[in-house]
Each structure stands twice: as structure tokens, then as C-alpha cells.
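For the sequence shown, our numbering begins at 184 and goes up steadily by one. Structure, as C-alpha cells:
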Amino acid sequence: MKKLNKNVLREISDYTAIILGALLSGVGFNWFIIPNHISPGGVSGVATIIHYLVPAIPVGLMIIAINIPLFLISWRELGRGFGIKSLVGTLALSLATDYIKIPALVDDPLLAGVFGGVMYGAGLGIVLRNNGSRPEPPSVPKRIPAGIGLRGFFI
Numbered sequence: 184m185k186k187l188n189k190n191v192l193r194e195i196s197d198y199t200a201i202i203l204g205a206l207l208s209g210v211g212f213n214w215f216i217i218p219n220h221i222s223p224g225g226v227s228g229v230a231t232i233i234h235y236l237v238p239a240i241p242v243g244l245m246i247i248a249i250n251i252p253l254f255l256i257s258w259r260e261l262g263r264g265f266g267i268k269s270l271v272g273t274l275a276l277s278l279a280t281d282y283i284k285i286p287a288l289v290d291d292p293l294l295a296g297v298f299g300g301v302m303y304g305a306g307l308g309i310v311l312r313n314n315g316s317r318p319e320p321p322s323v324p325k326r327i328p329a330g331i332g333l334r335g336f337f338i
């Protein structure tokens, strides 16, 4: 019984941290990245560029749309648990990006890039530390350390 409770508490803790980390990343996106027309790397960057080209398409919606095939791959390759955590994190990031509307804090693109990168990175660190995944091809970062003999690290 104690083992079951410990596992349940760990899962609740993981999901809570994944959602909070994704929300922190989404707020960093809205405060700094999107208003200053900065494009990060990866799927989020592609979604941001598409939003800049076609402003009617929200960034969060594009993040979800681009990630659909990646979720299917991660579900098959890495299992149901990892796929669900990835889905929860990406949905939280997408919803935060699209629905938390806050004005830009700075107008200087350099400062916005630094502050936005720190907030986005801190949120991503929280997500990864709690067995989540970022909006990227999830099987790649999880397989590289095992494939080349590197041990995992903690953020």
C-alpha cells in the first residue's frame, strides 16, 4: 500500500511540475519572445515563424499541430507514460501561449531574447526534470545518451 501511495504521489508531483514548467515557458513566450518577433529553435520556433507570416494562426495551435506526428512516434517508441506526459506538457504550453495574454515587458530585442530564453529554459528545465518532454521530437533526446554511452543528467 505504501509503495502504491508513493508511486501515485510521484506521478501527481511529476504532472504538477510539468504543467507549472510549461506555464512558465508560455508566460516567457508571451512576455518576451512573441511580442519582440524572436523565434526560438525547434517546433516552437517553427510555430512562431508561421505565426509571424500568418498572424491569424495562433502559436499554441501550431505547436500542437506540428507535434501530432511526434506524439505518435513517442507513444510507440517510448511508451504510454512518456507519451501522456509529453502531451500534457505540450498542451499546457500551447494553452498558456494562446490564452495567457499579457503585455510585453521590454521593447529591446536583446533583453527580450535573454529574459525570454531564461524563462523558457527554466520552464523547460522543470518539465525535463520531472520526466516530461519539450515540444520536439521526443524520442531523439531520450535515446541519444543511451545510444552513445552517456549517462543522463539532472537539470
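Cβ atoms here follow ideal geometry from the backbone N, Cα and C, with glycine treated the same way.
- Taking the Cα of ASN313 as reference, the smallest distance to any Cα among THR273, ILE256, LYS268 is reached at LYS268.
- Remark: three or more beta-carbon pairs, one from each stretch, lie closer than 8 Å, so the region 277 to 284 and the region 210 to 226 are flagged as touching.
- The C-beta separation of LEU307 from GLY204 comes to about 7 Å, placing the pair in contact by the 8 Å criterion.
- For TRP214, no alpha helix (DSSP H) encloses it, and the DSSP letter there is neither H nor E.
- Annotation for LYS268: the continuous alpha helix (DSSP H) segment containing it runs 263 to 282.
- With fewer than 16 other beta carbons inside 10 angstroms of its own, ILE251 counts as exposed.
- DSSP places ASN313 in the coil class of the three-state scheme, outside both helix and strand.
- Inter-residue distance for SER227 and ILE246 is about 6 Å (C-alpha atoms, whole angstroms).
- Pairing LEU244 with ILE195, the inter-Cα distance amounts to about 26 Å.
- Taking one beta carbon from each stretch, the region 215 to 224 and the region 292 to 304 have 3 or more pairs nearer than 8 Å; the two touch.
- ILE285 is classed as exposed because its beta carbon has fewer than 16 other beta carbons within 10 Å across all chains shown.
- Under the 10 Å beta carbon count, VAL310 is surrounded by 16 or more other beta carbons and is classified as buried.
- Contact annotation, PHE215 with ALA275: C-beta distance approximately 18 Å; criterion of less than 8 Å not satisfied.
- Leaving aside the five residues that flank TRP258 on each side, the residues in its chain whose CB is nearer than 7 Å to its CB run, in chain order, GLY266.
- For ASP197, the closest alpha carbon among the candidates GLY264, PRO292, LEU288 is that of GLY264.
- Per DSSP, the unbroken alpha helix (DSSP H) holding SER227 starts and ends at 225 to 236.
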